[in-house]
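Respectively, the protein sequence lines represent chains A and B.
For the record, in the first sequence the residue sitting at position 221 is 228 according to the working numbering, with numbers rising by one throughout.
For the record, in the second sequence the residue sitting at position 55 is 145 according to the working numbering, with numbers rising by one throughout.
Every residue gets a Cβ at the ideal spot worked out from N, C-alpha and C, and that includes glycine.
The structure displayed is predicted, hence computed values, not measured ones.
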Amino acid sequence: MSGTANPDDTRRGVLIEAATIGLTTGAYGVSFGALSVTSGLSVWQTMALSALMFTGASQFALVSVLAGGGSAVAAVAGSALLGLRNLFYGLRMRQILQPSPALSVPAAQLTIDESTAMALAHYDRPEPRPALAFWSTGLSVFVLWNLGSLIGALGASSIGDPERWGLDAAVPAAFLALLWPQISSRRLLGVAVVSAVIGVALTPVLSPGLPVLCAALVPFFFLRRAS
Amino acid sequence: MIWAAVLLGSAACYALKALGYVVPERVLDKPVVAQLVGMFPVALLAALLAVVTLADGMAVVVDARVAAVAAAAVALMLRAPFLVVVVVGAATAAVIRALGG
């Protein structure tokens with residue numbers, strides 16, 4: 008609940024968080040790069056995905072469809088479907104950041120799970136710094152995700168399985184820390200719990216990525232009559 | 091063909107991201123829409139948290155990640171800073187795996 012967590016509200020604290028998130032995400036970039044080239048994409052194609060698509064779930068979906076012999080149309084459709092959640096993030100980020108039209112162009116590209124979670128974790132605080140949190144996290148993840156992808160694509164994935172260092176557990180720990188301060192009411196706690204249950208319940212029946220997207224339906228059940 | 095998928099997929103994903111920034115403000119100002127927009131990220135991030143904790147492909151598995159998230163929750167209750175929470179999570183999973191758990 009709000010008030011029990013203690014995200015560091017200083018400028019330096021935000022930047023340290025952004026760098027930490029970039030590092031854990033970058034480790035997954037290595038996995039992505041390696042998977043992409045073993046799926047038959049070239050290093051350039053892999054790097055184009057990480058720089059231009061820049062949304063992990065969609066990238067994994069695209070290369071998995073191609074690796075499985077799927078058509079380009081199926082690959083594009085799969086990546087777009089998983090990219091849909093960034094639309095929901097964009098609606099909220101636009102409200103919070105209120106970027107100029109020119110800044111909206113790069114802001115949209117950097118609108119992903121991590122930057123959204125950081126902006127919201129640093130919003131509505133004694134010293135709110137949502138814009139700093141958003142931009143620093145977006146840029147840190149962009150640079151390190153691309154660097155990781157390049158390392159993985161060049162075949163250096165032997166530097167280690169993310170699991171070996173517990174990095175796969177660092178990711179949920181980081182998301183928990185970012186979600187924690189956002190749960191500021193019973194209603195939002197309800198939204199979070201139901202969404203988590205739905206995500207897990209649908210995991211065995213839907214392709215990876217879709218269970219998370221289905222959680223976008225949950226808020227419709229938590230609407231209140233206009234007060 | 092791969093290039094076509096890469097470029098079209100990237101264009102589609104960017105268009106979806108950008109769409110959130112071009113929806114007219116008067117639409118977002120509607121009370122129902124405003125409520126939904128406020129709840130969407132919490133719903134998606136909570137589902138993502140649950141899935142990265144419990145999913146392995148399409149299987150649901152309880153492994154070292156669950157203990158890591160529990161340890162991270164304890165760290166958060168003790169008001170630990172972000173970096174400590176993340177390190178506690180990673181270290182918990184690494185120790186459990188090193189012990190063969």
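Going by the CB atoms, is the gap between residue j and residue i shorter than 8 Å?
i        : j        : result
A:Gln32  : A:Val148 : As written in the sequence, residue 32 of chain A is Thr, which differs from the Gln given in the question. Contact: yes.
A:Ile205 : A:Val225 : yes
A:Gly63  : A:Phe39  : yes
A:Met60  : A:Gln66  : yes
B:Val127 : B:Leu118 : yes
B:Ala183 : A:Gly173 : yes
B:Phe172 : A:Glu134 : no
B:Ala95  : A:Leu73  : yes
A:Ala181 : B:Gly99  : no
A:Ala199 : B:Ala136 : yes
A:Leu22  : A:Ser43  : no
B:Leu166 : B:Val176 : no
A:Glu170 : A:Ile28  : no
In terms of DSSP beta bridges, what is residue i paired with?
i        : result
B:Ala145 : B:Val150
So, helix, strand or coil for residue i, using DSSP?
i        : result
B:Lys107 : helix
B:Val117 : helix
A:Ala181 : helix
B:Ala136 : helix
B:Val164 : helix
A:Gly29  : helix
A:Ile119 : coil
A:Glu134 : coil
A:Asp16  : coil
B:Ala170 : coil
A:Arg231 : coil
A:Gly10  : Bear in mind that a pLDDT of 43 at A:Gly10, under 50, signals an unreliable position, so the number given afterwards is only what the model happens to contain. If DSSP states are grouped into helix, strand and coil, A:Gly10 belongs with coil.
A:Ser43  : helix
A:Pro226 : helix
A:Gln189 : helix
A:Val212 : coil
A:Phe149 : helix
A:Phe61  : coil
B:Ser100 : helix
A:Pro106 : coil
B:Gly190 : coil
A:Met54  : helix
A:Leu48  : coil
B:Gly179 : helix
A:Ser78  : coil
A:Pro162 : According to the sequence as given, residue 162 of chain A is Gly; it is not Pro. Correct three-state label for A:Gly162: coil.
A:Gly36  : helix
A:Gly173 : coil
A:Met247 : Nothing about residue 247 of chain A can be reported from this structure: the residues present for chain A run from 8 to 234 only.
Give, in chain order, every residue of the stretch 116-132 of chain B whose Cβ lies closer than 9 Å to some Cβ of chain A.
Per Cβ criterion, the list reads Leu118, Pro121, Val122, Val123, Ala124, Gln125, Leu126, Val127, Gly128, Met129, Phe130, Pro131 and Val132.
Does the stretch 30-48 of chain A touch the stretch 145-161 of chain A, meaning 3 or more C-beta pairs lie closer than 8 Å?
Yes, since at least three Cβ pairs between the stretch 145-161 of chain A and the stretch 30-48 of chain A fall closer than 8 Å, the two stretches touch.
Are three or more beta carbon pairs between the stretch 189-203 of chain A and the stretch 173-188 of chain B nearer than 8 Å?
The answer is no - the stretch 173-188 of chain B does not touch the stretch 189-203 of chain A, with fewer than three Cβ pairs under 8 Å.
If the cut-off is 8 Å on Cβ atoms, which residues from the stretch 133-152 of chain B count as contacting chain A, listed in chain order?
Under the 8 Å Cβ criterion, the stretch 133-152 of chain B contributes Ala133, Leu134, Leu135, Ala136, Ala137, Leu138, Leu139, Ala140, Val141, Val142, Thr143, Leu144, Ala145, Gly147, Met148, Ala149 and Val150.
How about the stretch 90-107 of chain A and the stretch 131-142 of chain B: do they share at least three Cβ pairs that are nearer than 8 Å?
In this structure the stretch 90-107 of chain A lies against the stretch 131-142 of chain B, because at least three pairs of beta carbons, one per stretch, are closer than 8 Å.
Using a Cβ-Cβ cut-off of less than 7 Å, list which residues of the stretch 115-148 of chain A approach chain B; keep chain order.
Within the stretch 115-148 of chain A, the qualifying residues are Ala115, Gln116, Thr118, Asp120, Thr123, Ala124 and Leu127.
Sufficient close CB pairs (3 or more, under 8 Å) joining the stretch 82-92 of chain A to the stretch 214-223 of chain A:
With three or more CB-CB distances shorter than 8 Å, the stretch 82-92 of chain A counts as touching the stretch 214-223 of chain A.
The stretch 105-118 of chain A contacting the stretch 106-124 of chain B, beta-carbon criterion three pairs below 8 Å
Here the stretch 105-118 of chain A makes contact with the stretch 106-124 of chain B; the two share three or more CB pairs at distances below 8 Å.
Using a Cβ distance threshold of 8 Å, determine whether the stretch 136-146 of chain A contacts the stretch 153-170 of chain B, with at least three qualifying pairs required.
At 8 Å Cβ cutoff, the stretches do not touch.
Could you run through the stretch 51-79 of chain A and flag, in chain order, every residue whose CB is less than 7 Å away from some CB of chain B?
Within the stretch 51-79 of chain A, Gln52, Ala55, Leu56, Leu59, Met60, Thr62, Ser65, Leu69, Leu73 and Ala79 place their CB atoms closer than 7 Å to a CB of chain B, listed in sequence order.
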